[in-house]
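Notes follow once the structure below has been shown.
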Amino acid sequence: MVDLDGLVIGERDSGETGKTITLLTKELGCIHVYVRGGRKSKKSLSSTQLFCYAAFSLDEKREANNSVRYFYNSSEPKKLFYNIRLDAKKTALACYFAELLTYSSAEGDCMNEVMRLTLNTLYFLDKGGHDNELLRSIFEFRLLCETGFRPNLIGCCHCYAVEADEMHFNLKSGLIECGDCVTNPDSLYDVCFDRTLFHIIRYIALVEYDRLFSFKISEVYQRRLTAFTESFCEYCCGKSFDTLKFYKML
Ligand SMILES: [Zn+2]
Numbered sequence: 013m014v015d016l017d018g019l020v021i022g023e024r025d026s027g028e029t030g031k032t033i034t035l036l037t038k039e040l041g042c043i044h045v046y047v048r049g050g051r052k053s054k055k056s057l058s059s060t061q062l063f064c065y066a067a068f069s070l071d072e073k074r075e076a077n078n079s080v081r082y083f084y085n086s087s088e089p090k091k092l093f094y095n096i097r098l099d100a101k102k103t104a105l106a107c108y109f110a111e112l113l114t115y116s117s118a119e120g121d122c123m124n125e126v127m128r129l130t131l132n133t134l135y136f137l138d139k140g141g142h143d144n145e146l147l148r149s150i151f152e153f154r155l156l157c158e159t160g161f162r163p164n165l166i167g168c169c170h171c172y173a174v175e176a177d178e179m180h181f182n183l184k185s186g187l188i189e190c191g192d193c194v195t196n197p198d199s200l201y202d203v204c205f206d207r208t209l210f211h212i213i214r215y216i217a218l219v220e221y222d223r224l225f226s227f228k229i230s231e232v233y234q235r236r237l238t239a240f241t242e243s244f245c246e247y248c249c250g251k252s253f254d255t256l257k258f259y260k261m262l
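Residues in the sequence shown are numbered from 13 upward in steps of one, following our numbering.
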């Protein structure tokens with residue numbers, strides 16, 4: 013038996029009446045859990061729905077190849093993020109977050125931060141008052157930072173300038189170069205930041221969690237931030253995401 017807190021980030025039908033849910037957990041990263049009769053049972057229904065955060069009690073079964081299968085035993089909901097499910101656009105965005113989390117298959121030391129980022133982002137998405145696009149940029153960029161892709165944002169890698177009118181980030185090399193030192197500004201992988209955008213990027217990558225969501229930016233900067241975090245995400249993951257395409261269509 014294993015007791016842990018988990019966030020449901022995926023569900024699919026399994027067998028005649030059962031379902032398999034994907035849980036994001038601090039202790040084990042992403043795990044799949046089989047819920048017997050999960051499509052019918054009222055008992056398990058509320059806390060095995062998408063985006064429910066709950067305390068789960070699971071049974072473990074070790075297979076011949078030493079992998080572990082998890083079976084749902086009981087649960088106690090902690091937070092349902094109910095408003096997300098009432099809004100198609102927010103649901104689509106949360107599904108994109110779930111796909112990114114599944115794809116990143118984060119586990120180990122970073123899980124405290126990944127869990128905190130995910131629950132905080134869903135909290136503000138559910139509560140309202142934050143721009144969806146800002147939440148998306150924060151989630152995309154900070155998730156990759158926490159899972160090993162945080163660029164070195166101290167300053168220009170050649171002259172060590174901490175700030176400049178232009179800072180170039182190359183997606184492929186991962187290097188930051190100022191406008192004076194930049195070696196390949198015409199590269200397809202080059203992204204140019206002005207002082208404000210560089211400050212925003214640094215803030216999202218490095219600030220502590222209790223201040224991460226407490227800023228606002230103009231529409232112009234949001235568009236530029238979105239363009240950067242989306243291409244950074246696609247580059248690091250090496251793919252584009254269908255759930256993001258769907259979100260953008262709405
Ligand atoms: Zn420089």
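For every residue, glycine included, the Cβ atom is placed at its ideal position computed from N, Cα and C.
Since the structure is predicted, the reported quantities are computational estimates derived from the model, not experimental observations.
CA-to-CA distance, residue j to residue i, given in whole angstroms
i      : j      : result
His142 : Thr133 : 10 Å
Thr238 : Ala118 : 23 Å
Glu145 : Gln234 : 7 Å
Tyr82  : Leu224 : 34 Å
Tyr201 : Leu183 : 5 Å
Thr241 : Ile212 : 11 Å
Cβ-based burial, residue i [other Cβ within 10 Å; buried from 16]
i      : result
Ala100 : exposed
Asn78  : exposed
Thr195 : exposed
Gly140 : exposed
Ser252 : exposed
Asp192 : exposed
Thr159 : buried
Gly27  : exposed
One or two residues paired with residue i in a DSSP bridge
i      : result
Gly41  : Thr37
Glu88  : Ala67
Phe181 : Ile188, Val203
Val80  : Arg74
heavy atom of ligand 1 below 6 Å from residue i C-beta
i      : result
Thr249 : The question names Thr, but residue 249 is Cys in the sequence shown. No.
Asp206 : no
Ala173 : yes
His180 : no
Asp202 : no
His142 : no
Would you say the stretch 27-35 touches the stretch 122-132, given that touching needs at least three Cβ pairs under 8 Å?
no
Tell me, please, whether the stretch 170-182 touches the stretch 147-158 by the rule of three or more beta-carbon pairs shorter than 8 Å.
no
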